[in-house]
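Position in the sequence shown (first residue = 1) + 102 = the numbering used here.
From the three backbone atoms N, C-alpha and C, an ideal C-beta is built for every residue, glycine too.
Predicted, not measured: the structure shown is a model, and the values here were computed from it.
This report refers to the structure that appears directly beneath it.
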Amino acid sequence: GDSASSVTSSGLLCKWGCGRPVQPGLTRGMKPFDTCCKRCSTTKGTGGHDDNCGGTLPARVTVSPSLSEALENPKEWIRGLLDAEGSRLQRHAERIFACACSGSDGDRLKTEDVWPALDSKLLEPVGGKLNLSEAERADVVKGLVHHRRSWFHHHKSEKKEGDDIDFETFKEICKSALTKMYQHWFPLKLPTKTQHFVRKNPLKVDEVYTFGAQLGEGSFGIVHSVTHKVSGEQRVCKRICKQKGREGMKVEEILQEIDSMAMLDHPNIIKVYEYFEDRDSIFQIMEPCRGGELQHTIDAVFRKKKQPMYSEAFMCDVTKQTLRALAFIHGERFLHKDLKPQNIMLADKAEPGDNTATIKVIDFGLAELFSKDQKVSNQFGGTLLYMAPEVFRLELTMKSDIWSLGVILYNLVTGDYPFMATWPLPPGKDMDWWQSEVSRVIQDPEISFKPNKKLTDGTITKECFDLLQLMMTKDPQKRPLAEECLEHAWFKKFDQHLPPLSVGVTQCLEAYSVMPELKKSFFLLIAHQSTAPAQAAALQELRAIFTHFDVRNRGALSEDNLREVLQKSGMSPIKTERIVYALDRDDSGLVSWTEFSAAALCISVCHSERLLSAAFHVFDTDMDHKVYDKDLLAVFSKGSLGVWKDHLADEAASLSDRPRAGYTMEHFTKYMGSYIATSGGDQLRAVG
Numbered sequence: 103g104d105s106a107s108s109v110t111s112s113g114l115l116c117k118w119g120c121g122r123p124v125q126p127g128l129t130r131g132m133k134p135f136d137t138c139c140k141r142c143s144t145t146k147g148t149g150g151h152d153d154n155c156g157g158t159l160p161a162r163v164t165v166s167p168s169l170s171e172a173l174e175n176p177k178e179w180i181r182g183l184l185d186a187e188g189s190r191l192q193r194h195a196e197r198i199f200a201c202a203c204s205g206s207d208g209d210r211l212k213t214e215d216v217w218p219a220l221d222s223k224l225l226e227p228v229g230g231k232l233n234l235s236e237a238e239r240a241d242v243v244k245g246l247v248h249h250r251r252s253w254f255h256h257h258k259s260e261k262k263e264g265d266d267i268d269f270e271t272f273k274e275i276c277k278s279a280l281t282k283m284y285q286h287w288f289p290l291k292l293p294t295k296t297q298h299f300v301r302k303n304p305l306k307v308d309e310v311y312t313f314g315a316q317l318g319e320g321s322f323g324i325v326h327s328v329t330h331k332v333s334g335e336q337r338v339c340k341r342i343c344k345q346k347g348r349e350g351m352k353v354e355e356i357l358q359e360i361d362s363m364a365m366l367d368h369p370n371i372i373k374v375y376e377y378f379e380d381r382d383s384i385f386q387i388m389e390p391c392r393g394g395e396l397q398h399t400i401d402a403v404f405r406k407k408k409q410p411m412y413s414e415a416f417m418c419d420v421t422k423q424t425l426r427a428l429a430f431i432h433g434e435r436f437l438h439k440d441l442k443p444q445n446i447m448l449a450d451k452a453e454p455g456d457n458t459a460t461i462k463v464i465d466f467g468l469a470e471l472f473s474k475d476q477k478v479s480n481q482f483g484g485t486l487l488y489m490a491p492e493v494f495r496l497e498l499t500m501k502s503d504i505w506s507l508g509v510i511l512y513n514l515v516t517g518d519y520p521f522m523a524t525w526p527l528p529p530g531k532d533m534d535w536w537q538s539e540v541s542r543v544i545q546d547p548e549i550s551f552k553p554n555k556k557l558t559d560g561t562i563t564k565e566c567f568d569l570l571q572l573m574m575t576k577d578p579q580k581r582p583l584a585e586e587c588l589e590h591a592w593f594k595k596f597d598q599h600l601p602p603l604s605v606g607v608t609q610c611l612e613a614y615s616v617m618p619e620l621k622k623s624f625f626l627l628i629a630h631q632s633t634a635p636a637q638a639a640a641l642q643e644l645r646a647i648f649t650h651f652d653v654r655n656r657g658a659l660s661e662d663n664l665r666e667v668l669q670k671s672g673m674s675p676i677k678t679e680r681i682v683y684a685l686d687r688d689d690s691g692l693v694s695w696t697e698f699s700a701a702a703l704c705i706s707v708c709h710s711e712r713l714l715s716a717a718f719h720v721f722d723t724d725m726d727h728k729v730y731d732k733d734l735l736a737v738f739s740k741g742s743l744g745v746w747k748d749h750l751a752d753e754a755a756s757l758s759d760r761p762r763a764g765y766t767m768e769h770f771t772k773y774m775g776s777y778i779a780t781s782g783g784d785q786l787r788a789v790g
């Protein structure tokens, strides 16, 4: 929102005792603010306060309609000035020239007035200043037509009173300066896709990871806790046995599951890092979920009776996050097909009374990727008690996952199943009878889900019961899609306080935007490979910011959304455009979760020895403590090999001046930790 009241503080007061609320949200270092504003912090409470103190929003600047086009899309505005026809540049240069010449004869401009005029006026419509160094100015003048260049340099060196230039020379300087700034702000991208980071590691799994406790065992394999030997990162290893006769899984099916997970970059979907292979097994390395299966949470309340009943707010939060994951999965044309409480993990242990817990959807072993125009699948699959009626008719659609989530919500509320045959088995009946009876009650349009007192005794609100009914509508035509479910009144009833895009996070996004292309790719890899910064709470807050501004529930931020939020923060239009351009690493038009977190975390992780070491060893697969250009290309260049090969040498020159000798960890640490300037904290504001 735009009003001061829309950005709420945490209730904490500034540590310098001024009595004002702290700045909301996270600092550049991903820690909660403990001061109210930059001025109070630097003067230790003795020097007054900034306009954005405590998260208050200064009045929005009003813009004249004539500048609105430049502000809406500065990148296109500059490109328009540089187009071949040149009429827009002519008009813009004429305005600046006339303004700078006022008081003189009007057709010539003194040389000493050229740069002040350009610095203040050339980029004024997009909220920027030119601010070129002497070396950069010299470079701009190099671009002039030869006779004008020598003439300009002659006059500059002589510095005679009355030296001046004509309009045509001035216009050429404008064009040359704009071209230089455009290339600087919007450099050629080296495209990077996070899904290509997930590769087969040629080493043996126990050379890279130390195995810890066994966490679980399924029909196809065993899950262990593992620790990355170099970085100390805690991860999970799922060992899947290859098919032998009727036992195990086909290798192509295991690899298809890994590919599916690699493509699905979302804060509520389990992340896979890499995999290993030996004669008998494939080892998937994934992010840990310390809270266990959602099934364990349900069992603790209803079967083991060890925990009190969780709140409706908790059920609402879990359902909402799962729907967000489904909206994203379905948008990417995947049908999960096996959604159940065993396949929803809690990222961290939920304590009794918690109203929220980050969830991760897992197990894409049965997931099916639809072709572009495909609406229905005839591939049977799933877990019987969670199957939608249309699954039995081999008419599966994306809405089949919505039914499964309806069953999960029923589980959460009641501890029971909505469609069930008699259990234990009646005398004379076997499992075949039981399975056919369950499938019959699921499919029969006249049979509704089982009544349960928890549905009517006030445990849940009428809004929750209404959504439950909608999700388990037997006719899939009448069942809502995931994004339609997310519009339901139940979620508005339990809307939680949402963290703002803080001044600190905005500074991080800006810092990332001005980094070299290779460094941006390194930070994207670190964000993909790391489970969390020093404080898990910071990552949880970033997830909440990301989903809050993902207004269309697409699992990604649209460029328009991001642009609007950044401009509300006080970021100038040109800096905003630079950030939007930089964050979209694969030119998809959307900013994914990992693209956003790479930029938000760049300042807090750039000196983390543990995370930098883990990233370095992604390239150093032979463990000789050196990385070469071919190693960088193997990780980053898939799908864009040509552009990476053409530009890597220039990009990597800052890593080492002897690339053939290889890059060491020392090179990497120095390169990643170099200082990046950002806008001052007093120039920005938090946006809720």
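Have a look at the DSSP bridge pairing and note the partners of residue i.
i, result
"Val693", "Leu659"
"Pro123", "Leu115"
"Ser327", "Val338"
"Glu349", "Lys346"
"Pro134", "Leu128"
"Ile371", "Val463"
"Val789", "Leu603"
If we count the other Cβ atoms within 10 Å of its Cβ and call it buried at 16 or more, is residue i buried or exposed?
i, result
"Thr399", "buried"
"Phe72", "One cannot answer for residue 72 here, as it falls past the ends of the chain, which runs 103 to 790."
"Phe313", "exposed"
"Ile549", "exposed"
"Gln609", "buried"
"Leu685", "buried"
"Arg680", "buried"
"Tyr777", "exposed"
"Ala755", "exposed"
"Ser107", "Caution applies to Ser107, whose pLDDT of 36 falls short of 50 and renders its modelled position unreliable; the value that the coordinates give is listed next. Answer is exposed; the Cβ neighbour count stays below 16."
"Thr421", "buried"
"Met533", "exposed"
"Asp475", "exposed"
"Arg122", "buried"
"Cys201", "exposed"
"Thr649", "buried"
"Leu507", "buried"
"Glu263", "With a pLDDT of only 49 at Glu263, under the threshold of 50, the placement of this residue in the model should not be trusted; the figure read from the coordinates follows. Its Cβ having fewer than 16 others within 10 Å, Glu263 is exposed."
"Gly149", "exposed"
"Gly230", "buried"
Along the chain, where does the alpha helix (DSSP H) that runs through residue i open and close?
i, result
"Asp534", "Met533 to Gln545"
"Gln579", "First-last for Gln579: undefined, no H or E at that position."
"Tyr512", "Lys501 to Thr516"
"Glu565", "Lys564 to Met573"
"Ala755", "From DSSP, Ala755 is part of no alpha helix (DSSP H); its letter is neither H nor E."
"Trp592", "Ala591 to Lys595"
"Glu497", "It is not in any alpha helix (DSSP H) - Glu497 carries neither H nor E in the DSSP assignment."
"Phe796", "An answer regarding residue 796 cannot be provided, because it is not within the stretch 103 to 790 covered by the chain."
"Lys677", "Pro675 to Leu685"
"Arg712", "Glu711 to Phe721"
"Arg654", "Where Arg654 is concerned, there is no enclosing alpha helix (DSSP H), given that its DSSP letter is neither H nor E."
Between which two residues does the beta strand (DSSP E) harbouring residue i extend?
i, result
"Val374", "Val374 to Glu379"
"Tyr614", "Here Tyr614 belongs to no beta strand (DSSP E); instead the alpha helix (DSSP H) covers Val605 to Ser615."
"Lys317", "Reading the sequence as shown, one finds Leu at residue 317 and not Lys. Start and end: Tyr311 to Glu319."
Are the C-beta atoms of residue i and some chain B residue less than 7 Å apart?
i, result
"Gly320", "Within the model displayed, chain B is absent; a lone protein chain is all it includes."
Touch test, the segment 478-485 against the segment 545-560, Cβ-Cβ under 8 Å, three pairs minimum: no
Tell me whether the segment 669-676 and the segment 690-698 touch, counting them as touching only if at least three CB pairs, one residue from each stretch, are closer than 8 Å. no
So, do the segment 712-720 and the segment 271-289 have three or more beta carbon pairs nearer to each other than 8 Å? no
Ignoring anything shorter than 3 residues, give me the beta strand (DSSP E) runs that lie fully in the segment 437-487, in order along the chain. 446-448 and 461-463
Pairing CB atoms from the segment 529-542 with CB atoms from the segment 571-586, are three or more of them under 8 Å? no
With contact counted as at least three CB pairs below 8 Å, one residue from each stretch, are the segment 363-376 and the segment 457-477 in contact? yes
Go through the segment 176-227 residue by residue and report every complete run of the beta strand (DSSP E) that reaches 3 residues or more, in order. 210-212
Three or more C-beta pairs under 8 Å: does that hold for the segment 434-442 against the segment 498-507? yes
Start-end ranges of the alpha helix (DSSP H) lying completely within the segment 264-305, minimum 4 residues: 269-287
Cβ contact (3+ pairs, closer than 8 Å) linking the segment 141-150 and the segment 637-649: no
Beta strand (DSSP E) runs contained entirely in the segment 373-424, provided each spans 3 or more residues: 374-379 and 383-388
Can you confirm whether the segment 318-325 touches the segment 294-303 when touching is taken to mean that 3 or more C-beta pairs between the two stretches lie within less than 8 Å? no
Could you tell me whether the segment 506-522 touches the segment 564-573, where touching means 3 or more Cβ pairs closer than 8 Å? yes
Stretch pair the segment 289-301 + the segment 732-746: three plus CB contacts closer than 8 Å: yes
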